[in-house]
Structure formats: structure tokens, C-alpha cells
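Keeping their order, the protein sequence lines are chains F and Z.
The opening residue of the first sequence carries number 1124 in my numbering; numbering runs sequentially from there.
The opening residue of the second sequence carries number -5 in my numbering; numbering runs sequentially from there.
Here the structure comes first, spelled out in C-alpha cells, and everything after it is commentary.
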Amino acid sequence: MTVTSPAKSKMTGLRAPSEVGIFTVLILVVVILCIMSPSFRTFSNALSLLLNGAVIAFLTLGQMLVLLTGGIDLSAGATVALTGVAAAMAMAYGAPWWVGVIVALALGLLVGAVNGFIIHYGRVPAFIATFAMMGVASAIPMVLTNAASLTVVDGAFSVIGQGKILSVPVPVVLLGVAACIVAVALARTKFGVHVYAMGGSAPAARLAGINIGRNIVTVYALSGFFAAIGGLILTSRLMVGYPSAGLGNELFYSIAGAVVGGVSLFGGVGTVGGAMIGAVLIATVTNGLNVLNVNSYWQSFVIGIIILAGVFYDTNRARLRGIPLAKRLYALTRRGSSSDA
Amino acid sequence: MDVPVIELTGVRKSFGPVDVLKGVNLAAYAGKVTALVGDNGAGKSTLIKGLAGVQPYDEGVVTFEGKPVTLHTPREAAALGIEVVYQDLALCENLDIVQNMFLGREEISNGTLNEGTMEREAAETLRSLSVRTVSSVRQKVSSLSGGQRQTVAIARSVLKKAKVVILDEPTAALGVAQTEQVLALVRRLAESGVAVILISHNLVDVFEVADYVSVLYLGQMVAASVPIAETNNEDVIGYITGTKSYNGGQK
Ligand SMILES: Nc1ncnc2c1ncn2[C@@H]1O[C@H](COP(=O)(O)OP(=O)(O)OP(=O)(O)O)[C@@H](O)[C@H]1O
Ligand SMILES: [Mg+2]
């Protein structure tokens, strides 16, 4: 028996090419927007793009961990609202800013952990459990504040969303640190291999004796935690806790970022690098549509098309892998003879 | 007569009103391949799940190296050195060979994966089984053929010095050449001292590779550990279909 498809790219695997692909798309989009719009290519716009992108990217980071295990977290956006308001409320009651931060982060972890428990031990599908949690987590800040916004009085709190370290905005620095930690955890620890294994084949992971419950709770808790950081950034940028913050397109964008970044909705496939590039791409597209004065109603439309393209590629990945683009497109015109490898 | 590494006596298992195993005896011997055959629904998988500790028996005695043991969890089975290679569920396609072989028992140093050690051990294990069909232990399983996957799954089972390896239809989905390859591997596995239990519907395979054959018929062991030299294809088919009963072979 000989190896039928000797993988020449042994060392690089299949990941590098997919990241290069999405990175190329990002560069293209940036170049096109720079040509089209003078206001896009300003430094201040770049900063605002990165700031907006940081919140989406934090959600994408958590979403990606959950997606890798074969799940999904629909409550991430609602957790942004819940934790952002919780921090503002804590400070309104006189707590110092860092207590507000701890309250928000702990609440994010808790919401995520509850998701994980319900999903694993309650055997509720992730889609349904986090969908329900989305309702619960978005209602609580509305009820507590009576849908009114809460002004943050502790000025020091503004450092999270408005501060700079060596002229780099703090949210971007935080994101860089978090992304590096997650990347190392996924690539170099037992936890990482197990997360990929669970998404690759849940029965195989179970038979290998992996502690699936603990890992499920961990990834959802981390998703809640990163959503809480998103909530803190949003509240700190405006110094106001909005009970409706994060209830707009954030969830939608975070899933879009992960999917176009090469994270499979079926689990087991994706990298931090790809997901982060995907998040920046989504942020760039929305920012570009803004500066081009495209009616904001079109934004969801465009992102929706992008998600469809990403999911379409993901679904047909096995068939399309390794085939040159022209041949892929040709193959898609004659569907039906699907060959699962 | 060989001494059994593991021996089951009077094993029973029912699901509600359905008695699936009705007092079954089974033995496996070090360095020998024991084929477990039987028609669909005879209870082979149920018997194996009990050995693996994933679905404990209701009743019965399990003796391991002469001592009575319990098999209530997969960990207990693994601690004794009992490994099961499941037909389809064994591997994660999205992981590479090393990751699959070490899944759930990774080598760790300073909190991170010790890739070097794992790569070396994986390659050594493959070499010890004379596997030369995989070019790199860093290949993703999705890029492997059916036979190569089965090879990796078997290599995974012996990585940690297993004493009993149970193979559930390892050649079911394979072509002629790959079947030969895997059967040769099963043979080498036994020759390395492991007690192998081979589930198969293919009697040609059974007669090629097994030392003993045990036949389940509707939850009963109608022929237990029959030396392969003392039986033939026709008889075994008779036991499987319930048209013949085994009475030879002194215990
Ligand atoms: N969890 C269960 N609940 C109820 N009945 C079960 C369960 N598992 C197995 N059975 C029944 O037990 C009987 C034996 O099943 P088992 O899977 O052990 O057979 P088998 O010998 O492995 O068959 P095959 O050759 O088709 O794999 C079947 O009638 C099956 O329907
Ligand atoms: Mg079976």
C-alpha cells in the first residue's frame, strides 16, 4: 500500500493557506476602500476601525473557542449588555472602577459557565441553551435600569476603552494579549488538543477519556469572559452603561468574523490567527460602508452575504480543498457527485 | 493449553425486558488471536462494551491475570491494559497521527505538550508494528486511507503497553490489499504478546489470522475458544446460524 495523496505540505498543514487566503481578501478590501474613500484612509478612522474591531474580535475569540468544540454561543452579545451595565451599576453604587471590572468579568464567566452546564449536563443543544440565555441576559440589564442608561462617574474607568499604551489603544493591546494566550493554549496544551478533538469527533473524544464536561464549561465560560471584556470596553468608551449595548449586530458580526476566518461551524477546524483576521475584515467592511455613507440598513445585508460565502465554503470544504479556484468554481456548477474523502 | 489473560464467566446483560447476554463465557490468551463471531444482533458489541467498561455487565465474573476485577468505567479497563479499537469512532480526522495516538494521554512537560517525545514514541510504536505505510506522523488522519486509519487506531491501542486489544471489525470497510495489511498487523500484534480479540463477520479473515474462535448465538456462547485447527468454515457457519452445536474439545 502506498500513500495515495502524499501531503507535500506536511509541515504547513492546511491552515496556513486558508489564513493567507483570508488575509489577501482583507488587504484587497483595505486597498479598495483606501482608493474609494479619502476619509477611510485617515489615521483617526484607522483607530476607530480598530477600536470597533476590538469588541467584535473579543466576541469572535470566544465564539471561535465554542465553535471549535462544535457548539455556538448566541448569548455573547447579550452578555456584553449585561456585563457593561453591571460594571456601571457597581460604580454607581460607589464601588471603585476595578471592582466594577471584576464584577463584569465574574458575571461573564458565570453566564458562560451556566451555558456550559446546561449544554453538557442538561443535554440541551447549544443553539437552544444559548438562545434562551440571550433572552435572559439581555432582559436583566433592561429590568434593572428600566432601560435607562447609567453614567459612569469614576473617571479612571475610561482607561479601558480610551487609554493608550505607547500610542496603541488599550482595547487593541488587551485583544493582542488575549489572542496570544488563546493561540498558545490551543496549539500547545492538552486543553487545546482536546477542544479540537471534541469538535472533530465527539465519540472519539469521549472514548479517549477526555473530560468533555469540563472543557465544554470552560469554553463557554471563556466566551462569556471575552464578552464581558467587550462590555467593559463599550461602557468605558462612552462612560455610559447602555442596557442595549451589544444587542445590535455584535453577535452576528462575531460569528461572521469566525466563519470568514476559517473557523468551521461544524467544529474542529480553525485558528486564532484566521479568526482575528476575519474579525478585522468584518470590522473593515462595516467601517468602509460607514465612511462611504452607505445606508446602514445595507450593512447587515453585506455581512449576511459574507457569512453565506464563508459558510458555503466551509460546507463544501472537503470537496473544494486543494483544488485551484477555477476548478472549484467549475466543480460547483456540477453538484450532486459529492465525494467525501 | 494457554493461560487466559482475561476470562469472563456467566456474563449477563439485559436492556429492559430484552436479555442480550445470557450467561456468556469468553477467554483471551496472551500472544493469541481469539476471533469472536456471531450473526447481527448476537451480542458481540454488547459483550465488548462491557470489557471496555463503557456499558458494565449486569452479572458475571471477570478474571484478569487470575484475579477477579471490576470493569465499571473506561478508566478501570484502561488501567488493566484493555484497549478497544472501535470500527468508526476511533479517530479524529481533523487531528494528526501523533495527536490521535496520544489523545487523552498526552505527554506534558511544564504544562505544555511535549511534542518531541510524543512524535518519537508514536514513530517507535509504528515501527515496532512494522508499519511502513505512513510517511509522516504529522499527517492529518483525514488524508489517510481506510487501511492506514485502522493501522493508526491499532497502533494507538498498543502505545501504552496494552495486554488485551479488542478489534471491532477492523477490516469491514477495506479492500483486499488493505485487509491483508491489517490482518498482518493483527498477527504481529499477537506475536508481541498481546491477547487479541477480533470481531469479524468475515470467516476468511478469521481462519487466516485467528488461533481460537468463539461463537455467540442469540446471547449465548455456543462454541467457546475452539482451536482454529480443530474446526472448519462449515462448522463455524453452523454455529453462527444455530444449525449446528459444538460438542467437541475438552475444556
Ligand atoms: N442500548 C440498547 N438498548 C436496547 N437494546 C440494545 C441496546 N444495545 C444493544 N441492544 C440489542 O442487543 C442485541 C445485541 O446487539 P449487539 O450490538 O451487541 O449485536 P452485535 O452482535 O454486535 O451485532 P452486529 O454484528 O450487527 O454488530 C440487539 O438485539 C440489539 O438490538
Ligand atoms: Mg456490533
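Note that the Cβ used here is the ideal one computed from N, Cα and C, for glycine as well.
No experiment lies behind these values; they were computed from the predicted model shown.
Quick test of your reading: residue i and residue j, contact by CB under 8 angstroms. State the CB separation rounded to the nearest angstrom.
i, j, result
"F:Gly1411", "F:Leu1182", "The Cβ separation is near 20 angstroms, so there is no contact."
"Z:Ser139", "Z:Gln172", "7 angstroms"
"F:Leu1230", "F:Leu1205", "6 angstroms"
"Z:Thr106", "F:Arg1311", "4 angstroms"
"F:Gly1323", "Z:Leu89", "6 angstroms"
"F:Val1203", "F:Gly1391", "With 8 angstroms as the limit, F:Val1203 and F:Gly1391 do not qualify as a contact, their Cβ atoms being about 27 angstroms apart."
"F:Ser1207", "F:Gly1315", "According to the sequence provided, residue 1207 of chain F is Gly. The question's Ser does not apply to it. Contact doesn't hold; Cβ gap of about 30 angstroms is too wide."
"Z:Met95", "Z:Arg150", "4 angstroms"
"F:Ile1179", "F:Ala1368", "With 8 angstroms as the limit, F:Ile1179 and F:Ala1368 do not qualify as a contact, their Cβ atoms being about 13 angstroms apart."
"F:Ala1210", "F:Val1226", "6 angstroms"
Which term fits residue i, buried or exposed, when burial requires 16 or more other beta carbons within 10 angstroms of its beta carbon?
i, result
"F:Pro1294", "buried"
"F:Leu1357", "buried"
"Z:Glu185", "exposed"
"Z:Phe58", "buried"
"F:Arg1360", "buried"
"Z:Lys38", "buried"
"Z:Arg126", "exposed"
"Z:Ser219", "buried"
"F:Thr1127", "At F:Thr1127, the pLDDT of 36 sits below 50, so the modelled position is not reliable and the matter cannot be decided from this model."
"F:Met1159", "exposed"
"F:Tyr1420", "exposed"
"F:Ala1249", "buried"
"Z:Thr28", "buried"
"Z:His66", "exposed"
"F:Ile1251", "exposed"
"Z:Asn227", "exposed"
"Z:Glu224", "exposed"
"Z:Ala73", "exposed"
"F:Lys1066", "Nothing can be reported for residue 1066 of chain F, as the shown portion of chain F is limited to 1124 through 1464."
"Z:Gly10", "exposed"
"F:Leu1415", "exposed"
"Z:Leu20", "buried"
Within the present structure, is the beta-carbon of residue i separated from the nearest heavy atom of ligand 1 by less than 7 angstroms?
i, result
"Z:Asn34", "yes"
"F:Phe1375", "no"
"Z:Lys16", "no"
"Z:Val12", "yes"
"Z:Phe9", "yes"
Kindly identify the DSSP beta-bridge partner or partners of residue i.
i, result
"F:Arg1337", "According to DSSP, which records beta bridges pairwise, F:Arg1337 is partnered with nothing at all."
"Z:Arg6", "Z:Lys16 and Z:Glu53"
"Z:Met215", "Z:Leu210"
"F:Val1296", "For F:Val1296, which the question treats as bridged, DSSP gives no partner whatsoever."
"F:Ile1288", "F:Val1291"
"Z:Tyr23", "Z:Pro(-2)"
"F:Ile1150", "Its beta-bridge partners do not exist; DSSP assigns none."
"Z:Val203", "Paired residues: none, contrary to the question."
"Z:Lys61", "Z:Phe58"
"Z:Thr40", "Z:Thr40 is not bridged to any residue."
Does the distance from the C-beta atom of residue i to that of residue j stay below 8 angstroms?
i, j, result
"F:Val1307", "F:Asn1338", "no"
"F:Gly1393", "F:Gly1380", "no"
"Z:Val190", "Z:Val159", "yes"
"F:Thr1192", "F:Met1399", "no"
"F:Pro1292", "F:Leu1190", "no"
"F:Gly1200", "F:Leu1355", "no"
"Z:Val12", "Z:Leu41", "no"
"F:Val1382", "F:Val1305", "no"
"Z:Gly60", "Z:Tyr51", "no"
"F:Tyr1343", "F:Ile1242", "yes"
"Z:Val176", "Z:Leu168", "yes"
"Z:Leu123", "Z:Leu183", "yes"
"F:Leu1197", "F:Phe1254", "yes"
"Z:Ala22", "Z:Ile0", "yes"
"Z:Ile222", "Z:Val207", "yes"
"Z:Val131", "Z:Arg143", "no"
"Z:Gly4", "Z:Gly47", "no"
"Z:Val56", "Z:Leu15", "no"
"F:Val1425", "F:Leu1149", "no"
"Z:Pro(-2)", "Z:Val79", "no"
"F:Gly1397", "F:Val1386", "yes"
Could you tell me whether any non-hydrogen atom of ligand 2 is closer than 7 angstroms to the CB of residue i?
i, result
"Z:Lys38", "yes"
Under the criterion of a Cβ to heavy atom distance below 7 angstroms, does residue i qualify as lining ligand 3?
i, result
"Z:Lys16", "Of the ligands one can find in the structure shown, namely ligand 1 and ligand 2, none is ligand 3."
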